[in-house]
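This report concerns only the one structure given below.
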Amino acid sequence: MNSYTEKENYQDEGIYIQMPVKIKLEALEKVFQQKMVGYKIQKEEDDSKQIGEILSVFLSPGTDGYDLNIQQEILMKTLLFSNKKVKFNFQLKLNYNAHEQELVVSDYKAEGEHKTWFTNQLLNVMLNSIFRKKILGKSKILLLPKIDELLLKMNEKLKNIVEVKSGVLLFGKVDQLRVLNLYFKENYLVAILKLEGALAAEISQLEIDTI
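What the sequence shown shows, in full-length UniProt numbering, is residues 1 to 211, in sequence order.
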């Protein structure tokens with residue numbers, strides 16, 4: 001097959017783009033804070049009895065082979081430890097399944113700020129009432145619903161022609177959006193995206209720098 005025919009087939013089939021997207025941990029941290037700060041902690045056997053409340057959530061890179069560290073500050077509301085603030089760290093190891101388009105929590109480790117009997121007792125409660133309910137209860141994070149939602153929004157934008165910069169218009173349709181890989185690196189969550197579709201650009205203004 002000659003290069004001209006290959007070019008024709010490529011144009012008929014549309015475009016294929018593969019690109020990395022880096023998401024700062026600060027951006028993810030805001031999502032975690034919206035979901036978890038203010039969460040009322042209750043014992044499993046008595047959902048009406050509140051024993052604490054999440055005051056703050058901070059994210060940082062994991063250590064010792066873990067991908068992500070989640071630090072939480074808890075305001076205790078028990079009879080013996082009313083208004084006592086304690087901190088816990090939950091470390092997660094995550095694997096991405098590209099075929100199923102899901103992020104899986106494969107392992108975790110939890111530890112308190114101070115390794116005392118009191119902290120260990122609280123840690124057991126935290127594991128049962130927060131970690132397993134709020135995080136491990138959703139140990140498989142399905143990306144497909146979010147991807148479909150994003151694809152719909154992208155195509156709605158492209159219908160009306162998007163001006164990506166002055167004098168450059170983009171239009172067409174994205175047929176498929178997939179996350180090929182998803183992993184943590186330093187202070188970022190890195191997503192490798194693959195886009196397929198029929199897109200075109202129109203340039204009405206060129207800027208050529210003088211030498």
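Positions of the beta carbon are idealized from the N, C-alpha and C atoms, including for glycine. Source: prediction; values computed, not measured.
- Burial is judged here by how many other beta carbons sit within 10 angstroms of a residue's own beta carbon; Asp-67 has at least 16 and is buried.
- Using a Cβ-Cβ distance cut-off of 8 Å, the region 148-156 and the region 164-183 are in contact, since at least three pairs of beta carbons, one from each stretch, lie closer than that value.
- With respect to Ile-74, Ala-191 sits apart: the two C-beta atoms are not nearer than 8 Å.
- Beta-bridge partners assigned by DSSP to Gly-112: Phe-88.
- Within the same chain, and ignoring the five residues on either side of Ile-147 in sequence, the residues whose Cβ sits closer than 6 Å to its Cβ are Leu-177.
- If the five residues before and after Glu-196 are omitted, its C-beta is found closer than 6 Å to the C-beta atoms of Tyr-16, Asp-175 and Gln-176, all from its own chain and listed in chain order.
- Per DSSP, Asp-64 is not a residue of any alpha helix (DSSP H), being assigned neither H nor E.
- Following the DSSP letters along the chain, one finds Ala-198 in no alpha helix (DSSP H) but inside the beta strand (DSSP E) bounded by residues 188-203.
- Residue nearest to Val-179 within the set Ala-98, Gln-205 and Ile-203 is Ala-98 (criterion: CA-CA distance).
- In the DSSP assignment, Val-31 falls within the unbroken alpha helix (DSSP H) covering 25-36.
- Membership of Asn-155 in the alpha helix (DSSP H) is indicated by the continuous run 144-159.
- Its chain contains Met-76 as the residues whose beta carbon lies nearer than 6 Å to that of Lys-84, once the 5 sequence neighbours on both sides are disregarded; these appear in chain order.
- Between the C-alpha atoms of Phe-81 and Lys-93 there is a straight-line separation of about 32 Å.
- Collapsing the DSSP output to three states places Lys-77 in coil.
- If you draw a straight line from the Cα of Ser-60 to the Cα of Ser-204, it is about 45 Å long.
- Of the other Cβ atoms in all chains shown, 16 or more fall within 10 Å of the Cβ of Ile-51; this residue is therefore buried.
- A residue is called buried when at least 16 other Cβ atoms come within 10 angstroms of its Cβ; Val-164 does not meet this threshold and is exposed.
- Note that the C-beta distance between Phe-90 and Val-57 is not below 8 Å.
- The alpha carbon of Ile-70 has as its nearest neighbour, out of Leu-193, Leu-169, Ile-41 and Leu-28, the alpha carbon of Leu-28.
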